[in-house]
Structures are given as structure tokens and as C-alpha cells.
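A.B. asks: Dropping a structure here in C-alpha cells format, bear with me for questions.
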Amino acid sequence: MAKSRRRGRELALRGLYEMDITRVNPDKVIADTIQDQEIHFDQRHYAEKVIRGYHDNSNMIDEILAERIKEYDFSRIAAIDRNILRMATYELIFEPAIPPAVTLNEAIEIAKKYSTAESGKFVNGVLGKVLADSKKSEWDPETAPKEEEPEEVVHIEELPEIEEVDLDPETDEGKSVARLAGWKLKSSE
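Letter 123 of the sequence shown, counting from 1, is numbered 452 in the working numbering, and no numbers are missing.
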């Protein structure tokens with residue numbers, strides 16, 4: 330995915346935040362938050378991947394974070410900061426092709442944009458600890474796996490078959506169709 334993931338990350342954050350606050354399932358969040366957004370397919374796909382990935386691994390991700398924030402009660406951290414940390418930790422653990430510096434930088438910038446400048450520093454500190462204890466601490470672009478491009482599935486709705494009917498342009502029905510549709514009817518002669 331060569332395009333910027335920023336929009337996808339921002340949508341993922343919205344979805345994670347909604348799941349955190351309302352306790353709804355990821356399918357509802359994706360339907361409500363992401364599906365109607367006019368964004369590139371790759372960005373939508375990435376947001377869905379993060380939301381589902383966090384949901385499927387939420388206990389592990391929250392435990393990783395709680396272990397690195399011992400001086401805070403994880404549940405009492407500002408919801409936006411908590412979900413930025415969840416999103417970035419998911420990326421650090423489950424997205425081996427994404428450079429860790431990109432993950433950290435994006436999380437910090439998103440925290441500054443949606444929370445506070447102090448949140449950016451907090452996010453940086455916590456994610457630095459997560460990174461230090463992860464496989465990505467030795468990340469090398471030469472040996473990192475290449476990212477797979479998501480394949481867009483296009484659903485083509487089958488159109489109903491239309492029956493052609495010969496209408497005599499001189500009949501009332503033929504004149505009505507010609508007048509309403511502005512069509513010129515050919516006679517069968």
C-alpha cells in the first residue's frame with residue numbers, strides 16, 4: 330500500500346474509540362463509521378483490518394500496554410490516547426511490513442491532532458517501551474516482509490432482463506411512451 334495510511338488510521342481510531350465507548354461489535358462499527366466514507370479502498374481496508382485485528386487480540390494488546398504503563402490505571406487513560414496506543418500496538422505486533430518509525434510517528438502526530446501535545450509525548454514514551462520489547466526492535470527493511478496489496482472485490486449487481494416490446498407508434502400506448510420518454514418508435518414495417 331503505497332498511499333498514505335493516515336486517513337485509514339484516523340478511521341481506525343474512530344472505530345476503536347466507538348467500540349471502546351459503546352461496546353458495540355466491529356461489524357457495526359465498520360458499517361457505521363467506515364463504509365460510507367469516501368476514501369480509497371486501501372485506506373478503508375486498512376481501517377477495517379486494524380479494527381478487526383484489535384478486536385481479535387484485544388486482551389493481549391491491552392495487557393502489553395498495561396504492563397508498560399504501571400504508574401497509570403490503563404482504563405483511566407483518556408479514551409482517545411488509549412485507542413491510539415491500541416492501534417499503534419496492533420501495528421507494531423501484527424503488521425511486520427510497516428516500519429516501526431512510521432508507526433510511532435503516525436501515532437504521535439494523530440495524538441497531537443486529536444488529543445494534546447502532552448499526549449504525543451505520552452504516546453511516544455509508551456510505544457517506545459512496546460517497541461523495545463517487540464520483534465520490531467531489530468527491524469531491518471532488507472529483511473522485512475513485503476506488504477501484500479489488498480485485492481478489491483467489486484460486487485456487480487445483476488440487472489434484470491428487459492423485455493423488448495414492439496409498440497405501434499399510432500396506438501395510445503405508443504404515443505404515451507413516445508411523449509413521456511422522448512423516444513422515437515420505429516414501426517415494425
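Backbone N, C-alpha and C define an ideal beta-carbon position, used for all residues, glycine too.
Could I get the ranges of all uninterrupted beta strand (DSSP E) runs contained in the segment 363-387, with 3 residues as the minimum, in chain order?
C.D. replies: none
A.B. asks: At what residues does the alpha helix (DSSP H) containing Asn354 begin and finish?
C.D. replies: Numbered from its first residue, the sequence shown carries residue 354 at position 25. Neither: Asn354 is in no alpha helix (DSSP H) and is coded neither H nor E.
A.B. asks: With 16 as the cutoff for other CB atoms within 10 Å, does Lys465 come out buried or exposed?
C.D. replies: Position 136 of the sequence shown holds residue 465. So Lys465 ends up on the buried side.
A.B. asks: Leaving out five residues on either side along the sequence, give the residues of the same chain with a beta carbon under 7 Å from the beta carbon of Glu377.
C.D. replies: Position 48 of the sequence shown holds residue 377. Hits under 7 Å: Ile359 and Ile363.
A.B. asks: Give me the residue from Thr351, Met416, Asp497 and Ile406 with the minimum Cα distance to Arg334.
C.D. replies: Counting from 1 along the sequence shown, the entry for residue 334 is found at position 5. Taking only the C-alpha atoms, the option nearest Arg334 is Met416.
A.B. asks: Might you give, ordered along the chain, the residues of its own chain that have their beta carbon closer than 8 Å to the beta carbon of Lys458, omitting 5 neighbours on each side?
C.D. replies: Locating residue 458 in the sequence shown gives position 129, counting from the first residue. Arg397, listed in sequence order.
A.B. asks: So, are the CB atoms of Val455 and Ile437 less than 8 Å apart?
C.D. replies: Indexing the sequence shown from 1 puts residue 455 at position 126. Indexing the sequence shown from 1 puts residue 437 at position 108. For Val455 and Ile437, no; Cβs fall outside 8 Å.
A.B. asks: Looking at Asp410 and Ala440, is the spacing between their C-beta atoms short of 8 Å?
C.D. replies: Counted from its first residue, the sequence shown places residue 440 at position 111. Counted from its first residue, the sequence shown places residue 410 at position 81. Yes, the Cβ-Cβ distance between Ala440 and Asp410 is below 8 Å.
A.B. asks: Mapping the DSSP letters down to three states, classify Arg405 as helix, strand or coil.
C.D. replies: Here residue 405 is taken as the residue at index 76 of the sequence shown, counted from 1. Secondary structure of Arg405 (DSSP, three-state): helix.
A.B. asks: Relative to the alpha-carbon of Met389, which residue among Leu414, Asp361, Gly337 and Ile350 has its alpha-carbon at the smallest distance?
C.D. replies: For this step, residue 389 is matched to residue 60 along the sequence shown. Here the closest residue by C-alpha is Leu414.
A.B. asks: Return the first residue and the last residue of the alpha helix (DSSP H) that Ile437 is part of.
C.D. replies: Translated into the one-based positions of the sequence shown, residue 437 becomes position 108. For Ile437, the enclosing alpha helix (DSSP H) has its first and last residue at Pro429 to Tyr443.
A.B. asks: Check whether the Cβ atoms of Asn434 and Leu342 lie closer than 8 Å to each other.
C.D. replies: Residue numbering aside, residue 434 sits at position 105 when the sequence shown is read from its first letter. Residue numbering aside, residue 342 sits at position 13 when the sequence shown is read from its first letter. The answer is no: Cβ separation not under 8 Å.
A.B. asks: So, with DSSP's three-state summary, where would you put Asp497?
C.D. replies: Residue mapping note: residue 497 aligns to position 168 of the sequence shown, counting from 1. The answer is coil: DSSP assigns Asp497 none of H, G, I, E or B.
A.B. asks: Under 8 Å, do Pro355 and Ile380 count as touching if we go by C-beta distance?
C.D. replies: For the purposes of this step, residue 355 is taken as the residue at position 26 of the sequence shown. For the purposes of this step, residue 380 is taken as the residue at position 51 of the sequence shown. Against a cut-off of 8 Å, the Cβ pair of Ile380 and Pro355 comes out as a contact.
A.B. asks: Whose CA, out of Leu421, Asn386 and Arg336, lies closest to the CA of Gln372?
C.D. replies: Here residue 372 refers to the residue found at position 43 of the sequence shown. Nearest neighbour of Gln372 by Cα position, chosen from Leu421, Asn386 and Arg336, turns out to be Arg336.
A.B. asks: Since Leu340 contacts Gln366 with CB under 8 Å, what's their CB separation in whole angstroms?
C.D. replies: Your numbering for residue 340 matches position 11 in the sequence shown. Your numbering for residue 366 matches position 37 in the sequence shown. With 8 Å as the limit, Leu340 and Gln366 qualify as a contact, their Cβ atoms being about 6 Å apart.
A.B. asks: Just reading off the alpha helix (DSSP H) that Ala360 is part of, what are its end residues?
C.D. replies: In the sequence shown, counting from the first residue as 1, residue 360 sits at position 31. Looking at the DSSP string, Ala360 is not in any alpha helix (DSSP H), and its letter there is neither H nor E.
A.B. asks: Rounded to whole angstroms, what's the CA-CA distance from His374 to Pro428? Just pull it up for me.
C.D. replies: Position 45 of the sequence shown holds residue 374. Position 99 of the sequence shown holds residue 428. Using only the alpha carbons, I get a separation of about 19 Å.
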